[in-house]
Structures are given as structure tokens and as C-alpha cells.
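Residue numbers (this note's numbering): 2 to 989.
This is the structure:
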């Protein structure tokens with residue numbers, strides 16, 4: 002039997018003489034016999050043959066093990082002398098002797114590596130045969146494996162410390178016992194910490210160093226030193242050589258493993274656990290044990306950690322967190338079917354993890370006040386729970402017997418191929434091998450015995466949580482604690498439609514490390530744990546669950562604080578659904594949320610689901626928001642915040658179907674108008690502080706392009722022209738630093754561009770383009786009104802007058818806006834030669850197509866028959882007819898086409914082509930700009946984007962929508978040729 006430290010109690014007699022169970026032979030019996038014959042013919046063969054003659058059961062045991070397990074076949078029959086030693090000795094004494102040999106100093110690292118691997122191979126064979134033959138109880142097996150792991154760790158650590166001492170990196174107090182006083186703390190976690198190690202288990206370690214103890218004169222670079230030592234330790238243990246490996250080593254249970262070095266100071270660790278430690282980490286620390294290195298330093302560290310692991314009072318927040326973890330687990334009721342084939346005996350339903358979690362949750366809740374509930378071993382704590390009245394004896398007996406049985410099954414599964422797996426084979430032959438190694442001749446009898454225990458454990462586990470509301474039980478497991486991915490959770494994510502379920506689970510698990518600012522407080526983590534199942538389900542209901550989850554993760558990474566938002570999400574399912582819809586259906590808006598988390602605040606306003614705000618309501622909101630501004634820089638930041646929130650709100654309305662895409666052009670334009678007016682006013686006031694005013698000075702800001710025609714999209718640039726005027730005799734401004742009027746208004750324009758485009762802490766406001774001003778980039782940034790009028794009358798090209806059809810004053814002072822409107826109207830209403838206008842327009846369209854054309858039907862602007870064709874048709878219709886038909890004096894493309902058709906300036910056949918096209922292309926452009934970055938491919942976009950586009954266009958599928966686009970674009974191009982002329986460049 003095993004004692005509490007995993008020590009095996011020696012029993013007189015060699016293994017060959019004490020065999021209680023000989024398993025049935027397996028499928029590979031012929032191979033096993035052949036290899037045994039080879040072994041008997043090799044070194045040590047005579048002694049081994051003599052042993053078999055005296056103990057035939059030993060031969061049967063070896064053949065049974067070798068015919069069922071490829072790993073045991075190799076381990077047993079590779080070395081006849083080793084096999085003889087294993088069979089001819091008491092396994093407890095043999096293993097103890099092998100472990101003792103590891104304390105002998107190694108000459109060099111290659112010698113150490115050889116010795117460690119050979120000891121591991123021989124001890125593992127002895128332990129496996131003692132287990133299979135029924136000599137040892139399962140906890141004796143796990144105890145022996147754990148002591149072997151501890152000793153292997155210690156041997157490697159002693160070697161590395163002595164080497165570091167010789168190199169002058171450390172000054173060890175005692176080279177004969179190098180670990181003592183070294184400050185190198187190696188905690189065994191999980192099953193090694195509890196002396197419950199599996200047959201082919203990884204060892205889970207957390208490595209610390211205590212800076213106050215480490216014997217080094219240079220305390221500044223201890224992290225680098227111990228990181229190097231730890232990496233070499235891992236390499237010594239897990240790298241495969243001709244002699245095999247010792248133990249695979251996992252360091253991921255350390256604090257925030259994705260962001261911290263493999264060895265960290267105890268000081269940093271304590272800060273982490275006290276400020277950001279999670280309840281699953283508290284549960285993991287229950288089993289933590291200093292297994293090697295400076296044991297005294299390790300014990301001191303765990304003593305300091307006790308208040309974190311064991312709370313003095315019942316911690317209701319922690320209990321709530323534990324309960325929320327429980328709610329994430331799919332607790333099956335009743336005796337539903339469990340498929341034995343492929344079942345994970347550790348993490349699956351009714352498995353080992355359920356028994357361990359059953360015990361650890363009770364320990365976390367009550368262990369703070371009850372020292373008897375602070376033990377590491379599962380079976381011992383089941384007894385303690387009975388003694389303390391937390392558990393009934395029959396339940397304890399059932400769980401303890403099931404635990405022992407499942408651990409034995411787990412060992413057999415791992416013995417097959419020496420793999421760290423807990424999943425039963427999913428084929429009949431593989432299951433038969435496990436059944437045989439368990440001592441069952443009939444695999445079906447084994448399956449029945451296993452299912453009986455799995456169901457019994459599952460039922461007890463369900464009863465533990467029966468009082469908990471179980472949101473996730475509708476969907477399956479949602480467990481994100483620890484490092485292992487829960488198979489049930491993997492199944493849940495796969496079933497919910499995540500394309501990369503493992504990656505998705507790891508993202509969710511990472512939220513709880515407190516790595517993001519929003520999750521630094523325990524309250525935030527507790528709330529997030531509660532809402533996580535609802536978030537996952539909401540993401541799964543979008544058309545791109547993985548993209549939605551990634552976008553939400555990026556949002557969390559930038560969120561400054563989480564408690565308020567998580568509380569709102571906790572009590573507002575519609576907000577969860579809305580946020581998930583944005584994340585899944587609009588990469589553009591999701592990126593906005595990720596970069597500017599504050600935009601989510603706008604969703605909480607009561608007005609959100611009402612009508613889109615008009616100019617008066619937007620003005621009121623701006624007045625309130627800008628009224629608190631503290632200076633010019635704050636005005637610029639507030640303009641950006643307001644723009645981002647309002648654009649986001651407008652966009653979300655379309656994504657969710659509560660507003661039509663048709664409304665967006667006017668809404669986005671209205672927003673830009675108001676912000677430009679505020680920013681121009683603030684910029685002018687800032688300029689006046691330095692340069693004063695120009696006598697009689699006044700300005701007019703003219704919107705061109707999509708802003709002028711009120712067809713702005715979420716991603717549109719602003720095409721602007723700034724006009725000015727002043728008293729005829731004004732020579733300079735009247736401020737403390739006077740400058741000429743030309744300089745003054747050029748500087749105002751430059752500052753306005755900077756105010757709009759410069760990235761502040763809140764991002765940019767808009768991109769702007771002043772190239773539509775007279776003479777383009779060759780002309781001055783700001784234009785005096787009389788020069789503008791003269792240019793339009795005498796020098797402007799036809800295409801410039803076409804652009805002028807969309808010109809609109811958005812801000813002005815001193816009545817200059819009315820004068821600008823007069824100049825624009827007089828310019829456009831002049832009678833023109835229709836032939837010249839149409840020829841110039843056709844030539845310009847050909848130039849644009851040659852320089853910036855596209856054949857992609859989703860490039861709705863530039864494709865032949867796209868928006869540019871439609872805009873050119875409308876603009877030429879206005880230029881040709883403005884002088885004789887006042888009704889056509891409009892800016893918006895659709896409005897011009899509709900009016901032209903109403904007044905017989907456009908034929909019914911052309912009307913029937915152009916009007917549906919401008920509406921479809923305009924709506925789709927708005928939807929594209931809301932969902933995708935400007936140059937992103939529609940075909941490669943998430944399905945959620947396709948859904949939005951199809952909904953906006955009332956199309957049954959993207960393929961049919963694309964076919965409709967091609968058809969309409971061809972018809973628009975035909976109409977363009979008939980109305981304007983062939984798209985051909987004129988000869989130069």
C-alpha cells in the first residue's frame with residue numbers, strides 16, 4: 002500500500018512470484034512471441050529463460066503486456082537483462098534503488114541525461130508490470146511515478162546549480178547539497194503535486210526564484226539566469242535521445258503564462274496572485290508542492306500564498322465565481338448513453354476531472370476555515386469531507402472506487418503507446434487491448450463496468466450543482482479553466498459553428514488571466530465569467546462566430562475598465578446580442594469598437610432604437626458635449642469622440658435592420674456638416690488669438706463630392722473648398738502678430754485641415770481633400786470669392802462645373818455663404834453647348850476608366866456602368882438643362898435623375914434602368930463601407946457581411962446579387978453611351 006507521501010511499502014518476494022493477474026493475450030501475440038525469442042537469444046537471455054522456467058506466469062505476464070501494448074513490448078523485450086532485474090526483484094525495492102541512484106553526482110550533462118533516461122525506462126517497466134499483475138494498488142503506482150519524477154527533477158537541478166556555481170553565476174552555500182539556500186523554487190502542480198502522477202503524464206511545474214535568497218552578487222539579472230536554467234532543465238528532462246526521454250514538462254500553469262517568463266520572482270508571483278489570480282488558479286494551488294530545488298524557499302512561498310488560496314472567511318465573490326464555473330459545465334441528468342469508444346476518462350462526462358472538481362470546490366469554499374480540508378490528494382480529501390460532514394459515506398465510497406477504477410483505465414490507455422492521452426481508442430481492437438490490460442477477457446464487460454462508474458460519477462456531479470441555474474446546459478460544456486481544453490467544451494464550440502474551436506476556447510480562457518486592463522479587478526473577472534456562456538452563444542448566432550469572437554477579444558484588449566460594461570451585459574441580453582451582431586457582421590464596425598471602445602456607450606442611450614437623430618437633435622447633443630470642452634485640443638478630441646459614436650450608432654442601425662441604408666447618406670452628411678461648423682469656428686478662434694482678425698473678414702466652407710450631394714458614407718473623404726473675403730483696403734490682420742489676408746486664410750485652411758485630419762489620442766475626424774479648389778493643387782489653399790467667381794466664369798473646365806453641381810455651403814460667416822451660393826447658381830445656370838458638355842464628359846469618363854478603372858462588379862464606384870457613370874449622367878443632365886429647367890437644380894444623383902425623368906429630360910426606358918441602379922448601388926455602397934475596409938474583397942468577407950449585403954439589396958444570395966449587379970452595370974453603361982456618348986478618349 003502507499004502512504005501519504007506516495008511511498009511504497011516493501012513486500013517480501015520478487016515480482017515473478019507474486020503475480021495476481023495475468024491479462025488475456027492481445028492481437029499482437031505473434032509479434033510478442035517472436036521478439037521474446039530474440040530477447041532470450043540476446044544478452045541476459047539464459048538467466049531470463051531460467052526465470053521463466055521457474056515462474057511460467059512471469060512469461061505469460063510479459064507476453065500479455067507485450068501483445069496488447071506496443072510501448073510495453075518495446076520496453077520489456079528490448080533489454081533482456083533489464084527485464085530479468087524487473088521480474089527477479091521486489092518492484093518496490095527495485096524502484097527505491099533506482100531512485101536512490103539518481104542522487105549520485107553526474108560527470109557531465111551527457112552522462113546525466115543517459116542515467117536519467119535509463120532509470121526512468123527501468124522504473125517505468127517495473128511499475129507497469131506491478132500494476133498490470135495486480136501487485137500494487139493504483140495509488141502505489143502513482144506514488145512511485147511521482148517519486149521518480151521528483152528525483153529526476155532534483156538530479157537535473159543539482160547538476161545545473163553546481164555548474165552555475167562553477168561558472169561564477171552563483172555562490173552556493175553548500176555544493177554537496179546545492180539546492181539548499183539556492184532560492185530556486187520548483188513547484189510540482191496537479192497530479193505530481195498530489196503524488197498522483199499518471200503513467201505517461203507530463204509534469205506540470207511552476208518555477209520561481211526568491212531574490213532575497215538566491216546566492217548571487219548580481220541581483221539585477223536573476224530573471225535571465227533562472228530562465229536559462231529552467232530552459233535547460235526542461236531540455237534535460239524532455240528531449241528525446243537514443244535512450245528515450247525522462248518526463249515531458251509543462252510550464253503553462255505559471256501566472257499569465259502567455260505573457261511571463263518561464264521563471265519569475267516570488268515577489269512578482271505574489272503580486273500577481275493577490276491582484277489578478279483567478280479561482281481556478283486557487284484550485285490549482287491546492288495541489289502545489291515544492292518538489293525539488295530549494296524546498297524551504299518553496300514552503301515559505303506557499304505559506305505566504307495561503308491567504309490567497311485559503312480565504313479566512315467564506316468569500317462570497319469567490320463562491321459566486323465558483324458557482325458561475327459550475328454553471329458553465331454541462332451537468333447531464335439521468336442515465337443517458339455514454340459511448341465508451343473515444344471517451345475521455347479524465348475530462349469527459351463522469352470522468353476523473355469531475356471527481357477532482359467535486360472535491361476542490363468544497364475545499365475552496367470551506368478550506369479557509371477548516372485545516373483538515375487543505376490536503377492535496379483526492380482520495381484523502383474525500384475521507385476528510387466525510388469526517389467534516391460535507392459528504393455522505395456512500396457517496397464517498399462510490400466516488401473513491403470510481404476514481405481508482407478510472408485511474409487504472411487512464412494508465413492502460415497511456416501504456417498503449419506511452420502517450421499523454423486520456424481518450425479511449427475508438428476502434429474495437431484498441432478497446433480490446435485496454436480491456437485486456439485491465440484484466441477483462443470480454444471488452445463488452447469492461448465497457449459495461451466503465452459506463453456504470455461514469456454514469457454514477459456524472460449523477461453525483463450533477464446533484465452537487467442541481468441548485469444552480471444552468472444556462473449552458475442547453476448548449477453543452479463551457480469550461481475555460483486550467484490549461485487542458487475540456488473535450489465537452491470543444492464539442493460545444495464545434496457544434497455551435499466555430500471553425501477553429503480550439504483557438505476560440507484559448508481566447509476565452511485567456512480573458513481570465515487579468516492580462517487586459519478591463520479584467521484586472523476580481524469583480525470584472527467574476528462578471529465576465531458569468532456572461533461568457535451568453536456571449537459565446539450570441540457569437541455563434543452570427544454568421545462568423547470566429548471573427549466575432551476575435552473582434553470582441555480585440556475590443557476587450559483596449560477596454561480601459563470592465564465592471565460597468567460587464568454589469569450591463571449581465572443584465573441586458575439584448576445588448577449582448579447586439580454587440581455580437583456587430584462583431585460578427587461588420588468587420589469595419591468591429592474594428593471601430595476595438596480601436597475606440599467608448600463607442601459602445603452610445604448603444605446604452607435610450608434614444609438608440611428611436612428615429613435617426615435630425616439636425617436639431619444632433620445640435621442639442623453637440624451643444625451639451627462641447628459645452629464641457631476645456632480648450633481647443635479638447636474640442637478636437639470631443640469632435641472625434643462624437644463622430645465615432647454617432648457613425649457607429651448610425652451603422653449599427655443598418656446592420657441590425659432598424660434603419661434603411663437609403664437614410665445613411667443624409668445622416669452621415671448632417672453629422673459632418675455640424676462637426677465641420679464647430680471645428681471651423683474653434684480653429685478660427687484659435688487663429689485669432691495669435692493673429693487677430695482681418696477687417697471685414699468672412700469665410701464660407703463649401704462641401705463638394707458626396708458630402709455636397711449628401712451621399713456621404715461611413716468611410717468617405719470630405720471634398721472641401723474654403724472661400725474668403727475682406728474689406729478692399731485691408732492689408733493685414735489686427736492681432737499681436739499681424740499677417741496679410743492671403744497668408745491669414747491660407748493658414749486658417751491649413752489649420753482646419755490639421756484639426757480635421759491629425760491623429761489625436763482619439764484618432765482622426767475625417768480625411769479631407771481640397772483638390773477641387775480652383776486650379777487644384779497648383780492654386781492657393783483658400784480662394785477669395787471674386788477670384789473663385791472669375792475662375793468659374795472664365796477658366797473652369799467642364800468637369801469642374803460637373804463637380805460644382807454638388808457644391809453646398811456647410812459653414813459660413815458674415816453672409817459669405819449666400820454670396821457663394823449665388824456664384825455657384827449663376828455658374829451652373831449658364832446656357833451651354835450640349836454637344837461640348839457631353840463630349841467632355843465622355844472623354845473624362847474614358848480617362849478615369851483608363852487610369853482608375855476596375856472590372857470587379859463590387860467596385861461599385863469605378864466599374865463600367867457603376868456609380869461614376871450614374872453621377873456623370875446626372876451632372877451632364879443638370880449642366881445641359883439648368884438654364885431652362887429650375888426643377889433640376891439639385892445636388893443628389895438620384896434626385897436629379899428622378900426630376901429629369903419627371904420633366905421629360907430622361908426617357909422612360911433610361912429612367913427604368915438608371916433609377917433602380919442608383920438606389921441599389923447607393924444602398925450597397927453604404928452597406929459595404931459599414932461592414933468592410935475600403936479595399937477588402939466582398940467574396941472573401943465573412944458570411945455575416947454577405948447577409949447584410951443581401952438584406953440591403955433584398956437578394957436571396959450573394960451569387961444572385963452579383964449576377965444582378967453585372968446585369969444592371971451593363972444596362973447602365975449602355976444608357977450612358979446613349980445619353981452621354983461612347984466612352985472613348987479624344988485624340989490629343
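Just so you know, even glycine gets a beta-carbon here, dropped at the ideal spot from N, CA and C.
Predicted, not measured: the structure shown is a model, and the values here were computed from it.
query: Identify whether residue 1 lies in helix, strand or coil by the three-state DSSP scheme.; result: Given that the chain is displayed from residue 2 to residue 989, the structure contains no residue 1 and the question cannot be resolved.
query: Keeping to the same chain, check which residues put their C-beta closer than 8 angstroms to that of residue 986; ignore five residues upstream and five downstream.; result: 844, 847, 848, 851
query: Within 10 angstroms of its Cβ, does residue 299 collect 16 or more other Cβ (buried), or is it exposed?; result: buried
query: Where do the N-terminal and C-terminal ends of the beta strand (DSSP E) with residue 563 fall, by residue?; result: From DSSP, residue 563 is part of no beta strand (DSSP E); its letter is neither H nor E.
query: Using only the alpha-carbon positions, how far apart do residue 750 and residue 665 sit?; result: 28 angstroms
query: Identify the continuous alpha helix (DSSP H) that holds residue 643 and give its terminal residues.; result: 633 to 656
query: For the alpha helix (DSSP H) that contains residue 68, what are its first and last residues?; result: 57 to 69
query: Can you tell me whether residue 775 is buried or exposed, with buried defined as 16 or more other CB within 10 angstroms of its CB?; result: buried
query: Could you tell me the alpha carbon to alpha carbon distance between residue 976 and residue 760, rounded to whole angstroms?; result: 43 angstroms
query: Check whether the Cβ atoms of residue 122 and residue 294 sit closer than 7 angstroms, and answer yes or no.; result: no
query: Assuming residue 513 and residue 524 make a contact with CB atoms under 8 angstroms, what is their CB distance in whole Å?; result: Actually they do not touch by this definition, with Cβ atoms about 13 angstroms apart.
query: Looking at C-alpha atoms only, which residue of 307, 662, 418, 640 is the closest neighbour of residue 683?; result: 640
query: Within the same chain, show all residues whose beta-carbon is closer than 8 angstroms to that of residue 139, passing over the 5 residues directly before and after it, in chain order.; result: 132, 405, 408, 409, 412
query: Quick check on the burial criterion: 16 or more other C-beta atoms within 10 angstroms. Buried or exposed for residue 417?; result: buried
query: Where do the N-terminal and C-terminal ends of the alpha helix (DSSP H) with residue 512 fall, by residue?; result: 502 to 512
query: Rounded to whole angstroms, what is the Cα-Cα separation between residue 303 and residue 373?; result: 17 angstroms
query: Could you spell out where the alpha helix (DSSP H) holding residue 244 opens and where it closes?; result: That residue, residue 244, is in no alpha helix (DSSP H); it is neither H nor E in DSSP.
query: In its own chain, which residues sit with a C-beta less than 7 angstroms from the C-beta of residue 838, not counting the 5 before and 5 after it?; result: 799, 877, 880, 881
query: Quick check: the stretch 732 to 749 against the stretch 705 to 712, are there 3 or more CB pairs under 8 angstroms?; result: no
query: Look at the alpha carbon of residue 113 and the alpha carbon of residue 228, and state the distance between them as a whole number of angstroms.; result: 20 angstroms
query: Using a Cβ-Cβ cutoff of less than 8 angstroms, which residues in the same chain neighbour residue 389 once the five nearest sequence positions on both sides are dropped?; result: 367, 371, 373, 374
query: Which residue comes first and which comes last in the alpha helix (DSSP H) that contains residue 155?; result: 139 to 167
query: Where does the unbroken alpha helix (DSSP H) through residue 95 begin, and where does it stop?; result: 92 to 102
query: For residue 429, which residues in the same chain have their Cβ closer than 6 angstroms to its Cβ, ignoring the five residues on either side in sequence?; result: none
query: Taking 8 angstroms as the limit between beta carbons, can you name the residues of its chain near residue 752, skipping five residues before and five after?; result: 684, 687, 688
query: Return helix, strand or coil for residue 194, following the three-state DSSP convention.; result: helix
query: Could you say if the stretch 808 to 818 and the stretch 693 to 705 meet the contact criterion of at least three C-beta pairs nearer than 8 angstroms?; result: yes
query: Is the beta carbon of residue 649 closer than 7 angstroms to that of residue 600?; result: yes
query: Exposed or buried, residue 824, counting other C-beta atoms within 10 Å across all chains shown (16 or more means buried)?; result: buried
query: In the structure shown, what three-state DSSP assignment does residue 366 receive?; result: helix
query: Go to residue 800, then tell me how far its alpha helix (DSSP H) extends in each direction, as first and last residue.; result: 799 to 805
query: Since residue 201 contacts residue 415 with CB under 8 angstroms, what's their CB separation in whole angstroms?; result: 4 angstroms
query: List the whole-angstrom C-beta distance separating residue 136 from residue 60, where the pair is believed to meet the contact cut-off of C-beta under 8 angstroms.; result: Not quite, the Cβ-Cβ distance comes to about 17 angstroms (not below 8 angstroms), so this is no contact.
query: Under 8 angstroms by Cβ, that's how I've got residue 400 and residue 458 pegged, so tell me the actual separation to the nearest angstrom.; result: 7 angstroms
query: Are the CB atoms of residue 971 and residue 962 within a distance shorter than 7 angstroms?; result: no
query: Bridge partners for residue 291 per DSSP, in chain order?; result: 188
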